[in-house]
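**Q** Chain order of the listed sequences is A and B.
Counting from 1, one number per residue, gives the positions in the first sequence under the numbering used here.
Counting from 432, one number per residue, gives the positions in the second sequence under the numbering used here.
Ideal placement from N, C-alpha and C gives every residue a C-beta, glycine not left out.
Protein chains: 2
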Amino acid sequence: MRRLSTQDQNFQTVFADLLAFETVNDPELLSTVDQIINDVRQHGDAHVLHLTQKFDRHPAHQFSDLELSQAQLKTAFDQLQPEVRTALELAAQRIRAFHQAQKQDGWRYVDDLGNTLGQKVTPLDRVGIYVPGGLASYPSSVLMNAIPAHVAGVNEIIMVVPAPDGVLNPLVLAAAHLAGVSRVFTIGGAQAVAALAYGTETIARVDKITGPGNRFVAAAKRAVFGQCGIDMIAGPSEILVYAESNNNPTWVAMDLLSQAEHDTVAQAILITPDERFLNAVSEAITEHLKHLPKAEIAKTSIENRGALVLVKDREEAIALINQVAPEHLQLCVDDAEAMSEHIRHAGAIFMGSYTPEAIGDYCAGPNHVLPTSGTARFSSPLGVYDFQKRSSLIMCSKAGVQPLAKAADILAQEENLDAHARSARYRYTEI
Amino acid sequence: MRRLSTQDQNFQTVFADLLAFETVNDPELLSTVDQIINDVRQHGDAHVLHLTQKFDRHPAHQFSDLELSQAQLKTAFDQLQPEVRTALELAAQRIRAFHQAQKQDGWRYVDDLGNTLGQKVTPLDRVGIYVPGGLASYPSSVLMNAIPAHVAGVNEIIMVVPAPDGVLNPLVLAAAHLAGVSRVFTIGGAQAVAALAYGTETIARVDKITGPGNRFVAAAKRAVFGQCGIDMIAGPSEILVYAESNNNPTWVAMDLLSQAEHDTVAQAILITPDERFLNAVSEAITEHLKHLPKAEIAKTSIENRGALVLVKDREEAIALINQVAPEHLQLCVDDAEAMSEHIRHAGAIFMGSYTPEAIGDYCAGPNHVLPTSGTARFSSPLGVYDFQKRSSLIMCSKAGVQPLAKAADILAQEENLDAHARSARYRYTEI
Numbered sequence: 001m002r003r004l005s006t007q008d009q010n011f012q013t014v015f016a017d018l019l020a021f022e023t024v025n026d027p028e029l030l031s032t033v034d035q036i037i038n039d040v041r042q043h044g045d046a047h048v049l050h051l052t053q054k055f056d057r058h059p060a061h062q063f064s065d066l067e068l069s070q071a072q073l074k075t076a077f078d079q080l081q082p083e084v085r086t087a088l089e090l091a092a093q094r095i096r097a098f099h100q101a102q103k104q105d106g107w108r109y110v111d112d113l114g115n116t117l118g119q120k121v122t123p124l125d126r127v128g129i130y131v132p133g134g135l136a137s138y139p140s141s142v143l144m145n146a147i148p149a150h151v152a153g154v155n156e157i158i159m160v161v162p163a164p165d166g167v168l169n170p171l172v173l174a175a176a177h178l179a180g181v182s183r184v185f186t187i188g189g190a191q192a193v194a195a196l197a198y199g200t201e202t203i204a205r206v207d208k209i210t211g212p213g214n215r216f217v218a219a220a221k222r223a224v225f226g227q228c229g230i231d232m233i234a235g236p237s238e239i240l241v242y243a244e245s246n247n248n249p250t251w252v253a254m255d256l257l258s259q260a261e262h263d264t265v266a267q268a269i270l271i272t273p274d275e276r277f278l279n280a281v282s283e284a285i286t287e288h289l290k291h292l293p294k295a296e297i298a299k300t301s302i303e304n305r306g307a308l309v310l311v312k313d314r315e316e317a318i319a320l321i322n323q324v325a326p327e328h329l330q331l332c333v334d335d336a337e338a339m340s341e342h343i344r345h346a347g348a349i350f351m352g353s354y355t356p357e358a359i360g361d362y363c364a365g366p367n368h369v370l371p372t373s374g375t376a377r378f379s380s381p382l383g384v385y386d387f388q389k390r391s392s393l394i395m396c397s398k399a400g401v402q403p404l405a406k407a408a409d410i411l412a413q414e415e416n417l418d419a420h421a422r423s424a425r426y427r428y429t430e431i
Numbered sequence: 432m433r434r435l436s437t438q439d440q441n442f443q444t445v446f447a448d449l450l451a452f453e454t455v456n457d458p459e460l461l462s463t464v465d466q467i468i469n470d471v472r473q474h475g476d477a478h479v480l481h482l483t484q485k486f487d488r489h490p491a492h493q494f495s496d497l498e499l500s501q502a503q504l505k506t507a508f509d510q511l512q513p514e515v516r517t518a519l520e521l522a523a524q525r526i527r528a529f530h531q532a533q534k535q536d537g538w539r540y541v542d543d544l545g546n547t548l549g550q551k552v553t554p555l556d557r558v559g560i561y562v563p564g565g566l567a568s569y570p571s572s573v574l575m576n577a578i579p580a581h582v583a584g585v586n587e588i589i590m591v592v593p594a595p596d597g598v599l600n601p602l603v604l605a606a607a608h609l610a611g612v613s614r615v616f617t618i619g620g621a622q623a624v625a626a627l628a629y630g631t632e633t634i635a636r637v638d639k640i641t642g643p644g645n646r647f648v649a650a651a652k653r654a655v656f657g658q659c660g661i662d663m664i665a666g667p668s669e670i671l672v673y674a675e676s677n678n679n680p681t682w683v684a685m686d687l688l689s690q691a692e693h694d695t696v697a698q699a700i701l702i703t704p705d706e707r708f709l710n711a712v713s714e715a716i717t718e719h720l721k722h723l724p725k726a727e728i729a730k731t732s733i734e735n736r737g738a739l740v741l742v743k744d745r746e747e748a749i750a751l752i753n754q755v756a757p758e759h760l761q762l763c764v765d766d767a768e769a770m771s772e773h774i775r776h777a778g779a780i781f782m783g784s785y786t787p788e789a790i791g792d793y794c795a796g797p798n799h800v801l802p803t804s805g806t807a808r809f810s811s812p813l814g815v816y817d818f819q820k821r822s823s824l825i826m827c828s829k830a831g832v833q834p835l836a837k838a839a840d841i842l843a844q845e846e847n848l849d850a851h852a853r854s855a856r857y858r859y860t861e862i
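1) Please confirm if A/R305 has its CB atom under 8 Å from at least one CB of chain B.
2) Using a threshold of 8 Å, state whether the C-beta atoms of A/V434 and A/Q323 are closer than that.
3) Do you know how far the Cα of B/F818 is from the Cα of A/Y130?
4) Would you mind giving the Cβ-Cβ distance between A/L117 and A/L143, rounded to the nearest angstrom? I have them listed as a contact below 8 Å.
5) Establish whether the CB of B/E798 and some CB of chain A are separated by less than 8 Å.
6) Would you list, in chain order, the members of the region 504-516 of chain B that have their beta-carbon closer than 8 Å to a beta-carbon of chain A?
7) Considering Cα atoms alone, identify which of A/T272, A/Q62 and A/I37 is closest to A/Q191.
8) With DSSP run on the structure shown, which of helix, strand or coil describes B/T703?
9) Could you list which residues in chain B have their beta carbon closer than 7 Å to that of A/Y354, in chain order?
10) A/M351 touches chain B at which residues, Cβ-Cβ below 9 Å?
11) As an exercise, report each continuous beta strand (DSSP E) stretch of at least 3 residues that is fully enclosed by the region 222-279 of chain A, in chain order.
12) When the distance is taken between beta carbons, is A/V154 closer than 8 Å to A/V193?
13) Return the chain-ordered list of same chain residues with a C-beta closer than 8 Å to the C-beta of A/L289, the five sequence neighbours on each side being excluded.
14) Got a sec? Which residues, its chain only, sit under 6 Å from B/D439 by beta carbon, not counting five neighbours each side?
15) Check each candidate in A/P170, A/A280 and A/V160 and name the one with the smallest Cα separation from A/G188.
16) Alpha helix (DSSP H) containing B/L835: first to last residue?
17) Evaluate B/R564 with the Cβ neighbour count: other Cβ atoms within 10 Å of its Cβ, from every protein chain shown; 16 or more gives buried, anything less gives exposed.
18) What residues in its chain sit with their C-beta under 8 Å from that of A/K208, if we drop five residues either side in the sequence?
19) Cβ closer than 8 Å: which chain B residues qualify as neighbours of A/G347?
20) If you draw a straight line from the C-alpha of A/L90 to the C-alpha of B/D840, how long is it?
21) Three or more C-beta pairs under 8 Å: does that hold for the region 407-424 of chain A against the region 685-703 of chain B?
22) Between which two residues does the alpha helix (DSSP H) holding A/R427 run?
23) Near B/H773, which residues of its chain fall below 6 Å by C-beta distance, leaving aside the five closest residues on each side in sequence?
24) Name the DSSP bridge partner or partners of B/R539?
25) Compare the C-beta of A/E337 against all C-beta atoms of chain B and say whether one is closer than 8 Å.
26) My understanding is that A/A325 touches A/G374, with C-beta atoms under 8 Å, so please give their C-beta distance in whole angstroms.
27) Mind checking A/W464: buried by the 16 CB within 10 Å criterion, or exposed?
28) Of all the CB atoms in chain B, is at least one closer than 8 Å to the CB of A/E261?
29) Give me the chain A residues within the contact set of B/A789, using Cβ-Cβ distance strictly less than 7 Å, ordered along the chain.
30) With distance defined between alpha-carbon atoms, name the residue in B/I825, B/T641, B/V582 and B/A628 nearest to B/L801.
31) If you check the beta carbons only, do A/I158 and A/V206 fall under 8 Å apart?
32) Nearest to B/P680 by CA position, among B/G657, B/E669 and B/A711, is which residue?
33) How would you label B/S822, buried or exposed, when you count the other beta carbons within 10 angstroms and need 16 or more for buried?
34) With a threshold of 16 other CB atoms inside 10 Å of the CB of A/Y109, please say whether the residue is buried or exposed.
35) Taking the alpha carbon of A/L393 as the point to measure from, which residue in B/G791, B/E714 and B/N645 has its own alpha carbon closest?
36) Would you say A/S301 lies against chain B (beta-carbon separation less than 8 Å)?
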């Protein structure tokens with residue numbers, strides 16, 4: 001595993017290269033996706049069915065075969081093993097509780113002139129949630145995408161999940177039941193994104209699409225951005241662990257491996273001021289890689305994108321963390337809250353040795369859809385606020401508008417917008 | 432001017448066509464912009480200077496000639512005519528007051544298990560503001576983009592504004608002084624967007640770019656989205672006025688014309704249940720078009736994209752308004768607040784006959800950067816929240832993590848993520 005020290009001569013260059021990750025904009029991929037989107041816009045259900053039969057080898061004969069009933073979702077939920085059901089219910093209940101705290105309300109005030117100003121907050125009418133199929137089909141993603149929309153008050157939550165060869169993950173359906181999903185279609189890829197964004201005979205156009213997917217899904221989401229809203233274009237998952245000596249190297253090693261097992265391009269970085277501890281974590285990683293079911297994936301990730309970074313002190317570490325703006329940040333220190341005050345950029349901050357990132361993936365409560373690849377510099381975890389939007393409210397009184405109309409009149413004239421000027425002027429010199 | 436009635440047989444078809452507006456994705460434009468972005472990434476300042484000399488015919492000899500000093504901004508402000516300065520100061524003060532109310536704070540709570548959960552809110556470090564040059568160079572846009580960033584606590588606000596032939600609008604510089612802009616560069620187009628998104632020797636990479644621009648700027652913003660944040664890809668401006676009989680047709684006509692004068696593809700729509708009033712507004716528009724300086728632009732807009740729509744009643748009107756999701760909505764009725772309760776989608780709602788949209792463009796306080804082309808279905812006015820982002824906070828106690836670790840262990844196993852399961856398990860069965 002790569003070892004770096006801030007004392008290395010070329011540290012910043014090597015570290016910057018390590019972080020660099022650009023999603024290739026394969027023009028062939030983009031034109032394929034554009035074609036799919038155009039065809040779905042033209043031929044609707046029929047084309048989505050055709051592509052689903054072709055790409056997913058789905059046995060459906062007609063489009064209606066691709067919709068699952070609420071009864072099917074409930075059955076999947078009822079058939080869960082008790083301990084799995086309990087775990088899923090605990091996760092859903094905690095995710096709901098945390099996101100309730102995010103819900104925003106409107107407000108208004110009256111200014112000193114007697115004009116009312118405010119902000120109205122409204123939920124989106126209808127959203128689409130993309131859930132990957134096959135191996136990477138995660139019930140936790142269903143909860144993390146659907147519950148914030150449900151809490152926001154979204155009226156209709158449409159979930160799409162591809163079912164390769166018609167095979168579905170029952171736990172995903174159970175999660176949909178628990179999260180309050182309105183309709184489920186077993187479709188995926190760019191065709192599912194297009195159907196959600198533009199609508200078909202059966203699927204009503206949605207206002208926003210969230211959820212992870214493969215490169216076709218990512219390209220399609222980028223293409224429909226503007227026609228509807230999207231959450232973000234997610235990159236590979238990352239974790240940055242800052243740990244001081246008072247930690248169990250095996251725990252930290254496994255925390256790093258839990259990201260590495262996601263994806264060969266996932267990134268796991270340890271930053272520590274303690275070289276002895278760094279060595280211990282390194283050994284623990286090597287040891288555990290022998291037994292992990294996903295050892296091959298994790299090994300590639302650790303070797304190609306992982307790093308153990310030795311720093312002089314905590315101050316250096318904080319600077320590096322803010323430079324990385326990690327998706328997941330673990331602060332394995334005794335005074336984690338104090339240290340977190342200095343963190344400006346991170347998707348989620350896991351504080352203390354008893355808060356492994358894996359807890360956040362499932363049931364801590366906060367969302368596990370987080371900004372990746374340094375985008376925490378300017379974006380936020382998926383939240384209720386992604387399913388609410390604001391409208392400005394302005395109501396001037398006959399007296400209160402006078403000084404505003406005068407100012408608008410003057411400024412509009414400066415901008416050579418005569419109709420603007422007159423529209424304002426009429427309110428203070430009535431004709 | 433086009434007249435429609437909800438009683439027309441083909442009303443919905445005609446009305447939907449009227450609203451349809453798709454920004455062409457000219458592939459040649461996109462490749463030109465991609466080329467510019469790549470060149471700026473490779474050659475930095477030198478290439479930006481080259482393109483600025485070429486496209487803007489700017490007399491600059493070296494890149495440093497393209498930066499304006501704070502002293503230049505202050506001079507521009509000091510030299511304003513007193514009444515213009517007063518108007519600009521009133522606008523800035525009111526915009527700041529409204530946006531202060533938008534500022535969001537973090538929060539945290541302790542759950543019943545003794546785990547701390549919360550949300551940390553942090554301003555972006557550095558943002559870029561694009562201000563169009565030449566004729567459409569609006570000082571009001573400087574205030575509307577820079578003040579929310581300033582209120583959010585953004586450390587560095589970098590403004591770019593093209594200066595064709597080296598000519599600048601003093602009022603734009605004065606507004607930059609008033610709004611607390613950190614640095615100003617007289618560059619524009621895709622090269623300015625690329626410089627902001629990726630940084631050059633002189634310009635530090637920004638975390639988000641906001642502000643309107645031509646199609647090159649729009650295409651460049653879309654291309655850099657992900658490398659940094661962007662506000663939105665704005666379409667042509669629109670206004671929808673709902674007015675009942677108790678209104679001055681001349682006022683309403685001018686309100687509609689104030690949008691129409693912006694752009695030949697701008698859209699002005701009147702909805703009213705009163706045919707007599709509709710006729711009066713129609714006549715007033717024809718009359719005023721004779722005298723407007725921007726009559727040609729306004730006429731084209733009104734004829735091609737404008738409409739006077741007769742509805743049976745208010746209920747029909749509300750349904751149409753929510754279908755349009757207008758950027759600007761004027762409710763010229765006596766009980767505007769009551770009616771606004773039924774509006775689900777609009778960028779800004781102007782209530783009552785004394786609240787013309789033009790007031791909102793300059794000095795009411797709320798932002799004039801608003802979602803266009805129906806995107807108010809899923810997006811919000813530009814606001815302080817666009818310059819703040821959130822980080823989730825999670826801190827589990829040794830006791831509090833137990834039930835969470837158990838649930839995460841079970842769910843991770845269901846998702847075949849063994850390292851996740853172990854990472855969680857270690858916290859409740861220490862090894």
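**A** Working from what's here:
1) Taking the first sequence and counting its residues from 1, the one referred to as residue 305 of chain A is at position 305. Output row for A/R305: interface = no.
2) For chain A, the structure presents residues 1 to 431; residue 434 of chain A sits outside this window and is missing.
3) For this step, residue 130 of chain A is matched to residue 130 along the first sequence. For this step, residue 818 of chain B is matched to residue 387 along the second sequence. C-alpha of A/Y130 to C-alpha of B/F818: approximately 28 Å in a straight line.
4) Position 117 of the first sequence, counting from 1, holds the residue named residue 117 of chain A. Position 143 of the first sequence, counting from 1, holds the residue named residue 143 of chain A. Going by Cβ atoms, the distance from A/L117 to A/L143 rounds to 38 Å, so no, they are not a contact pair.
5) Here the question's residue 798 of chain B lines up with position 367 in the second sequence. The sequence given here places Asn at residue 798 of chain B; Glu does not occur at that position. True, the Cβ-Cβ gap to chain A drops below 8 Å.
6) The region 504-516 of chain B vs chain A, Cβ under 8 Å: E514 and V515.
7) Counted from its first residue, the first sequence places residue 191 of chain A at position 191. Of A/T272, A/Q62 and A/I37, the residue nearest in Cα terms is A/I37.
8) The count along the second sequence starts at 1 and reaches residue 703 of chain B at position 272. Three-state result, B/T703: strand.
9) Within the first sequence, residue 354 of chain A is the residue found at index 354, counting from 1. Under the 7 Å cutoff, chain B gives C827, S828, K829, V832 and R858.
10) Numbered from 1 along the first sequence, position 351 holds the residue referred to as residue 351 of chain A. Neighbours of A/M351 on chain B, chain order: T547, L824, I825, M826 and C827.
11) If only uninterrupted beta strand (DSSP E) runs of at least 3 residues are considered, those enclosed by the region 222-279 of chain A are 238-243 and 267-272.
12) Against the first sequence, residue 193 of chain A aligns to sequence position 193. Against the first sequence, residue 154 of chain A aligns to sequence position 154. Not in contact: A/V193 and A/V154 (Cβ atoms no closer than 8 Å).
13) Indexing the first sequence from 1 puts residue 289 of chain A at position 289. So the qualifying residues of the chain are L257, A295, A298, K299 and I302.
14) One-based indexing of the second sequence puts residue 439 of chain B at position 8. Nothing meets the Cβ criterion.
15) Position 188 of the first sequence holds residue 188 of chain A. Of the residues A/P170, A/A280 and A/V160, the one whose Cα lies closest to the Cα of A/G188 is A/V160.
16) The residue labelled residue 835 of chain B in the question sits at position 404 within the second sequence. Taken as a continuous stretch (DSSP letters only), the alpha helix (DSSP H) holding B/L835 covers V832 to E845.
17) If you number the second sequence from 1, residue 564 of chain B lands on position 133. Checking the displayed sequence, the identity of residue 564 of chain B turns out to be Gly instead of Arg. Answer is buried; the Cβ neighbour count reaches 16.
18) Walking along the first sequence from the start, residue 208 of chain A turns up at place 208. Its chain contains L124, V127, G128, C228, G229, I230, D231, D386 and F387 as the residues whose beta carbon lies nearer than 8 Å to that of A/K208, once the 5 sequence neighbours on both sides are disregarded; these appear in chain order.
19) Reading the first sequence from its first residue, position 347 is the one you call residue 347 of chain A. Simply S822 and S823.
20) Working through the first sequence from its first residue, we reach residue 90 of chain A at position 90. Working through the second sequence from its first residue, we reach residue 840 of chain B at position 409. So the alpha carbons of these two residues sit roughly 13 Å apart.
21) Segments in contact, yes.
22) Counted from its first residue, the first sequence places residue 427 of chain A at position 427. Taken as a continuous stretch (DSSP letters only), A/R427 belongs to no alpha helix (DSSP H), as it is neither H nor E.
23) Residue 773 of chain B sits at position 342 when you count from the first residue of the second sequence. Answer for B/H773: I749, listed in chain order.
24) What you label residue 539 of chain B is simply residue 108 of the second sequence in a count that begins at 1. DSSP output for B/R539 lists B/G549 as bridge partner(s).
25) For the purposes of this step, residue 337 of chain A is taken as residue 337 along the first sequence, with counting starting at 1. For A/E337, the answer is yes, since a Cβ of chain B falls inside 8 Å of its Cβ.
26) Counting from one through the first sequence, the residue named residue 325 of chain A turns up at place 325. Counting from one through the first sequence, the residue named residue 374 of chain A turns up at place 374. That belief holds up - the Cβ atoms of A/A325 and A/G374 are roughly 4 Å apart, short of 8 Å.
27) Any property of residue 464 of chain A remains undetermined from this structure, which presents chain A solely from 1 to 431.
28) Here residue 261 of chain A corresponds to residue number 261 of the first sequence, with the count starting at 1. Using a Cβ-Cβ cut-off of 8 Å, A/E261 counts as an interface residue toward chain B, since at least one Cβ of chain B sits closer than that to its own.
29) In the second sequence, counting from the first residue as 1, residue 789 of chain B sits at position 358. For a Cβ distance threshold of 7 Å, residue set A408, A412, H420, S423 and A424 of chain A lies close to B/A789, ordered along the chain.
30) Along the second sequence, read from residue 1 onward, the residue named residue 801 of chain B stands at position 370. Cα-wise, what sits closest to B/L801 is B/T641.
31) Position 158 of the first sequence, counted from the start, is the residue given in the question as residue 158 of chain A. Position 206 of the first sequence, counted from the start, is the residue given in the question as residue 206 of chain A. Taking C-beta atoms as the reference points, A/I158 and A/V206 count as a pair closer than 8 Å.
32) Numbered from its first residue, the second sequence carries residue 680 of chain B at position 249. When only C-alpha atoms are compared, the closest one is B/A711.
33) Position 391 of the second sequence, counted from the start, is the residue given in the question as residue 822 of chain B. Classified as buried, B/S822 has 16 or more neighbouring CB atoms from the shown chains inside 10 Å of its CB.
34) As a working note, residue 109 of chain A is residue 109 in the first sequence. So A/Y109 counts as exposed.
35) The residue labelled residue 393 of chain A in the question sits at position 393 within the first sequence. A/L393 has its Cα closest to that of B/G791, out of B/G791, B/E714 and B/N645.
36) The count along the first sequence starts at 1 and reaches residue 301 of chain A at position 301. No, no contact with chain B.
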